[in-house]
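One structure is given here, and the rest of the page talks about it.
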Amino acid sequence: MNELAIDVRGLVKRFNDNAVVRGVDLQMPKGQVWGFLGPNGSGKTTTIRMICGLLEPSEGEGRCLGFDIRRQARQIKDATGYMTQKFSFWEDLTIRENLEFVARLYNLSKRRQLVDATLAKLGLTERQNQLSGALSGGWKQRLALAAVTMHQPELLLLDEPTAGVDPQARREFWDEIHQLSNQGMTVLVSTHYMDEAERCDKIVYLAHGNILTQGRVADVIQQAGLITFQGKGEQVRRLAEQLKGVPGVEHVAFFGAALHISGRDRVKLQSAIQTLPSDGTHWQEIQASLEDTFISLMQDAGQDTREHG
Amino acid sequence: MKIGASLQRIYAIMAKELVQMRRDRMTFAMMLGLPIIQLILFGFAINTDPKSLPTAVYAQDSSPVVRRVLSAFEQSGYYQLLRKADSPQQGSEWLAKGEVSFVIHIPQGFTRKFVRGEQPQLLIEADASDPAAASNAIGQAKEIVNQALRTESLGPLAYLQTPPAQIDVVIHKRYNPEGITQYNIVPGLLGVILTMTCVMITSMAMTRESERGNLENLLAMPTRPHEMMLGKICPYILVGLVQTLVILGAAKYLFAVPFFGSFGLLLAGVMVFILANLCLGFTFSTVARSQMQAMQMTFFFFLPSILLSGFMFPFRGMPHWAQSMGEVLPLTHFLRMVRGVMLKGNSLFELQQEFVALLLFIVVVGAVAILRYRRTLD
């Protein structure tokens with residue numbers, strides 16, 4: 001038995017000689033929830049599309065749920081649920097009609113009961129005859145999630161499912177994802193939200209078409225080896241400008257009223273802080289956050305690509 | 001089991017298309033309204049046998065014989081004598097300006113020569129820049145004059161009677177003896193209207209999905225190309241049939257076009273023709289990247305369909321290469337079918353070639369569509 005839900009190696013995708021994905025290896029075991037992170041244009045969507053057979057890789061090969069991603073796209077489509085970044089159900093069909101369409105395409109049995117149950121679970125029974133285009137963003141996403149999971153796929157691919165959704169709806173959405181995971185579904189979800197990344201078993205960070213790092217959140221933070229100091233006080237806003245460009249200070253960012261400075265060399269960071277005028281700012285070393293880590297990774301990756309080319 | 005699933009998917013796509021069609025009021029109205037408007041407009045407007053054409057007379061002679069000849073021109077229905085020219089130049093001027101289509105010249109001494117049996121001449125100048133517009137009137141001219149003079153050559157002038165010709169040519173104008181244009185045009189319009197709506201609607205089929213952002217979702221679900229094609233095409237067979245019934249109803253009650261053949265046979269022909277056009281539209285939609293492109297392709301196909309199929313101009317009048325091009329167009333074969341069944345009472349035996357041609361078209365174009373169908377977003 002193949003215990004990997006996704007097993008792809010050396011995936012490359014070029015559009016007119018422009019490489020969007022440049023050699024992605026990904027081995028994802030079944031039954032987990034993985035987060036797919038990275039800046040816009042880093043190749044997350046393209047990678048997901050290659051995994052579910054919507055794009056043919058320019059190079060590389062792999063299997064999704066044991067099926068060849070180049071030759072067995074049909075079988076993959078039967079066993080996966082893919083939720084697109086933009087709402088892609090039919091806005092001129094009602095909520096019920098959309099669900100029925102999907103149920104018919106997957107040839108699901110007891111269709112009527114299934115659609116009824118799905119509507120009830122969504123809490124949309126009353127509104128089932130409204131056009132889906134009239135739903136708000138959060139509802140659209142929930143409808144889409146319900147629609148792509150109706151056929152009980154083994155693997156769920158979610159492309160930025162919570163973009164533009166309010167925090168309450170996001171939390172509910174993630175509860176739903178974990179419920180599905182508890183039922184045994186494997187979930188790969190791309191996101192820009194750090195709190196969402198922290199709810200994943202593992203995260204994969206992609207930039208410029210390459211995987212920069214992957215692992216559990218704590219491991220990713222640790223591997224980055226980033227040391228962060230937090231400064232609190234009345235004058236931190238003025239200090240931010242002074243600290244930029246000081247040797248050892250790789251980046252400076254505000255978190256609320258506090259200033260975070262981070263770098264990989266503790267000694268240099270400490271001396272940078274000591275050279276500051278004493279204006280009552282209180283400095284303290286803290287655990288680097290995932291966001292600090294990502295910003296640092298992204299800057300490194302940006303420098304790399306600039307150097308390469 | 002597998003076939004069941006496949007049918008289920010085709011049904012799913014059909015049902016979705018029908019619902020979307022019903023919700024898109026404007027398109028729906030166009031699909032039913034357009035054929036009626038076009039039929040009434042073109043059915044009443046197009047006339048390949050123009051009559052009452054404006055005519056000027058330049059007469060240098062006046063006599064009962066001349067009057068008889070001129071009134072015969074008027075009574076034929078083709079010529080409407082509107083003006084008297086004072087000089088040949090004035091007649092030419094009117095002709096050049098397009099104010100008249102004909103100038104009839106009666107030379108001096110016309111009557112005298114006629115009475116003496118000297119074969120007088122009579123000149124008709126015709127604006128033949130549009131050959132079709134003038135040809136029937138010109139063709140009738142000799143007969144009109146001879147007929148008029150024959151009735152004049154009675155009594156004392158009986159010696160002028162020409163002897164009957166050696167050979168009597170008998171012409172049977174069959175299938176449309178009165179030469180009523182609408183009998184030809186209205187069945188033709190059925191083909192033209194079906195071509196336009198069927199190709200246009202299905203050419204939007206896939207491009208609309210991609211422009212509205214639904215294509216990615218559609219492709220992520222398990223559908224095969226032929227299921228998509230059938231699901232997208234079938235609802236519009238229904239639309240085509242409704243249009244057909246509307247047009248045939250109008251043909252009967254509005255234009256009194258006769259119907260000699262079998263209605264069932266015509267319906268079979270209509271079905272095959274609709275399918276051919278829908279397949280072509282679907283093929284366009286697999287090639288086009290946007291609805292705009294799909295529209296352009298439709299028009300690129302529509303124009304030769306009208307001009308080379310024999311709808312507008314006589315098919316046999318075209319050179320061989322153009323006829324071969326015309327043979328590729330479904331409308332060419334459909335026109336032969338619909339005119340054959342309605343006006344000539346043709347049976348399947350006489351129309352088998354047209355059926356074979358259309359079926360071949362469906363197979364080839366359908367194969368292209370399935371090969372061209374994009375299964376990925378590449």
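For the record, the sequence lines run as chains A and B. In terms of this note's numbering, the first sequence opens at residue 1 and continues consecutively. In terms of this note's numbering, the second sequence opens at residue 1 and continues consecutively. No residue lacks a Cβ here, since even glycine has one placed at the ideal position from N, Cα and C.
Query, Result
"Could you round the C-beta distance between Ser76 (chain B) and Gln121 (chain B) to whole angstroms and report it? I think they count as a contact, below 8 Å.", "Actually they are not in contact, since the Cβ atoms of Ser76 (chain B) and Gln121 (chain B) sit about 20 Å apart, beyond 8 Å."
"Residues of chain A with a CB under 9 Å from the CB of Tyr11 (chain B): which are they?", "Arg104"
"Given this structure, state the Cα-to-Cα distance separating Leu343 (chain B) from Ala256 (chain B), to the nearest angstrom.", "12 Å"
"Taking DSSP as the reference, what is the three-state secondary structure of Lys268 (chain A)?", "helix"
"Put Glu227 (chain B) into one of helix, strand or coil per three-state DSSP.", "helix"
"Taking Cβ positions only, does Val19 (chain B) come closer than 8 Å to chain A?", "yes"
"Using only the alpha-carbon positions, how far apart do Asp219 (chain A) and Glu91 (chain A) sit?", "42 Å"
"Does any C-beta atom of chain A lie closer than 8 Å to the C-beta of Gln291 (chain B)?", "no"
"Could you tell me the boundaries of the alpha helix (DSSP H) in which Lys202 (chain A) lies?", "It is not in any alpha helix (DSSP H) - Lys202 (chain A) instead sits in the beta strand (DSSP E) that spans Lys202 to Ala207."
"Please classify Arg14 (chain A): does DSSP put it in a helix, a strand, or coil?", "strand"
"Under the three-state reduction of DSSP, which class applies to Trp90 (chain A): helix, strand or coil?", "coil"
"List, in order along the chain, the chain A residues whose C-beta lies closer than 8 Å to that of Leu266 (chain B)?", "What Leu266 (chain B) touches in chain A: nothing, since even the nearest Cβ is about 35 Å away."
"Report the partner residues of Val57 (chain B) according to the DSSP bridge assignment.", "B:Lys84 and B:Ile104"
"Of all Cβ atoms in chain C, is any one closer than 8 Å to the Cβ of Cys52 (chain A)?", "Structure shown: chain C not included; protein chains present are A and B."
"Determine the DSSP secondary structure at Glu307 (chain A), reduced to helix, strand or coil.", "Residue placement at Glu307 (chain A) is flagged as unreliable, the pLDDT there being 42, under the threshold of 50; the coordinate-derived value follows with that caveat. Helix at Glu307 (chain A)."
"So, does the CB of Ser109 (chain A) fall closer than 8 Å to a CB anywhere in chain B?", "no"
"Could one say the Cβ of Phe294 (chain A) lies closer than 8 Å to chain B's Cβ atoms, at least one of them?", "no"
"Just the Cα atoms here: how many angstroms apart are Ser290 (chain B) and Glu211 (chain B)?", "7 Å"
"Could you pull the DSSP bridge partners for Ile286 (chain A) from this structure?", "A:Thr228"
"Look at the Cβ atom of Glu56 (chain A), then the Cβ atom of Gly10 (chain A), and state whether they are nearer than 8 Å.", "no"
"Counting only C-beta atoms, is Met206 (chain B) closer than 8 Å to chain A at any point?", "no"
"So, using beta-carbon positions, are Ser437 (chain B) and Leu278 (chain B) closer together than 8 Å?", "Residue 437 (chain B) lies beyond the residue range present for chain B, which begins at 1 and ends at 378; the question has no answer from this structure."
"Please state whether DSSP places Val257 (chain B) in a helix, a strand or coil.", "coil"
"Please report the distance separating the alpha-carbon of Ala357 (chain B) from that of Ala205 (chain B).", "25 Å"
"Helix, strand or coil for Val102 (chain A)? Go by DSSP, reduced to three states.", "helix"
"Is there a C-beta anywhere in chain B that falls below 8 Å from the one on Asp78 (chain A)?", "yes"
"Can you name the start and end residues of the alpha helix (DSSP H) that Val65 (chain B) belongs to?", "Pro64 to Gln75"
"The beta strand (DSSP E) that contains Thr213 (chain A), what's its start and end?", "Asn210 to Gly215"
"Could you tell me whether any Cβ in chain A is nearer than 8 Å to the Cβ of Leu379 (chain B)?", "Past the boundaries of the shown model lies residue 379 (chain B); chain B is included only from 1 to 378, so the question cannot be answered."
"Does the distance from the C-beta atom of Pro153 (chain A) to that of Met194 (chain A) stay below 8 Å?", "no"
"Is DSSP giving Pro29 (chain A) helix, strand or coil here?", "strand"
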